[in-house]
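Each remark here refers to the structure printed beneath this line.
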């Protein structure tokens, strides 16, 4: 596996984790949002990744095994709404209930830490790849 | 990185040019490989420059792509430097030879 391909795979991992963090951020920012352009309250979004074949100069044993990652889908939770009693809210219905996004902040924080750790792991892999390459250049000194 | 690697058969032409070998068109000659490697390193550096400019201007895809471009340029430059040092070393070894 050559260096450029390694960097490509790691780059895809970094981009994917950034996307996950963006989705978590969006969920956290809109934890109390009751109005959206599509109508109704904000709905929790979750992200799914897919593995992708890498075109590179692999030997036959590695071909089709090393895969990069891409963002496959960002899905809205269709029934992610909870009814909260708050008669003073401008969007309260006749009985005083407001449709709020059903977002658990703890779960989002845990997701955020997971994305952040995965990102760090990718950065470590990058550093490790680079230091291996630089070590190779030191051969025979 | 493949472009930088010097192929096996190309070392041969470092010795005295064989007959029929034209200077400019020596396909796969060592100087050719070296020239290609330098061009590739230069290309990677220009890519890195562009990526950083994009980040500064605020219209880059992402910061990490720019950093990866920088690192690619760095590693390829170091590889070229190593090849160059080896060449100089060999040259000086030859110059020190007793006649």
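Protein chains in written order, with my numbering: chain A, 7 to 147; chain Y, 165 to 263. In this text, a Cβ means the ideal position worked out from N, Cα and C, and glycines have one as well.
Check this for me: beta carbons of residue 54 of chain A and residue 78 of chain A, under 8 angstroms apart or not?
yes
Can the beta-carbon of residue 87 of chain A be found closer than 8 angstroms to that of residue 105 of chain A?
yes
Looking at residue 103 of chain A: is its Cβ nearer than 8 angstroms to the Cβ of residue 232 of chain Y?
No. Outside cutoff.
For residue 42 of chain A, which residues in the same chain have their Cβ closer than 7 angstroms to its Cβ, ignoring the five residues on either side in sequence?
48
For residue 219 of chain Y, would you say it is in contact with chain A, using Cβ-to-Cβ distances shorter than 8 angstroms as the test?
no
For residue 107 of chain A versus residue 69 of chain A, is the C-beta distance shorter than 8 angstroms?
no
Taking residue 244 of chain Y as the reference, which of A/27, A/142, A/46 has the closest Cα?
A/142
For residue 20 of chain A, which residues in chain Y fall below 7 angstroms Cβ to Cβ?
Those are 228, listed as they occur along chain Y.
Using only the alpha-carbon positions, how far apart do residue 219 of chain Y and residue 258 of chain Y sit?
47 angstroms
Would you say residue 27 of chain A faces chain Y, with C-beta separation under 8 angstroms as the test?
no
Run the CB neighbour count on residue 40 of chain A, radius 10 Å, all protein chains shown included, and call it buried at 16 or more, exposed below.
buried
When you compare the CB positions of residue 24 of chain A and residue 226 of chain Y, do they come within less than 8 angstroms of one another, or not?
yes
For residue 228 of chain Y, count neighbouring Cβ atoms within 10 angstroms of its own Cβ and tell me buried if that reaches 16, exposed if not.
Classification for residue 228 of chain Y: buried.
Which class does residue 113 of chain A belong to by DSSP, given the choice of helix, strand or coil?
helix
Are the CB atoms of residue 56 of chain A and residue 26 of chain A within a distance shorter than 8 angstroms?
no
From residue 126 of chain A to residue 133 of chain A, what does the alpha carbon distance come to, in whole angstroms?
Cα to Cα, residue 126 of chain A sits roughly 10 angstroms from residue 133 of chain A.
Leaving out five residues on either side along the sequence, give the residues of the same chain with a beta carbon under 6 angstroms from the beta carbon of residue 236 of chain Y.
208
Under 8 angstroms between C-beta atoms, does residue 136 of chain A make it to chain Y?
Cβ-Cβ to chain Y under 8 angstroms: yes for residue 136 of chain A.
Once DSSP output is grouped into helix, strand and coil, what is the label at residue 247 of chain Y?
helix
CB contact below 8 angstroms: residue 143 of chain A versus chain Y:
The Cβ of residue 143 of chain A sits closer than 8 angstroms to at least one Cβ of chain Y.
Using a C-beta cutoff of 8 angstroms, does residue 55 of chain A count as contacting chain Y?
no
Quick one: what's residue 107 of chain A bridged to in DSSP?
A/87
Residue 98 of chain A by DSSP, collapsed to three states: which one?
coil
So for residue 13 of chain A, helix, strand or coil by DSSP?
helix
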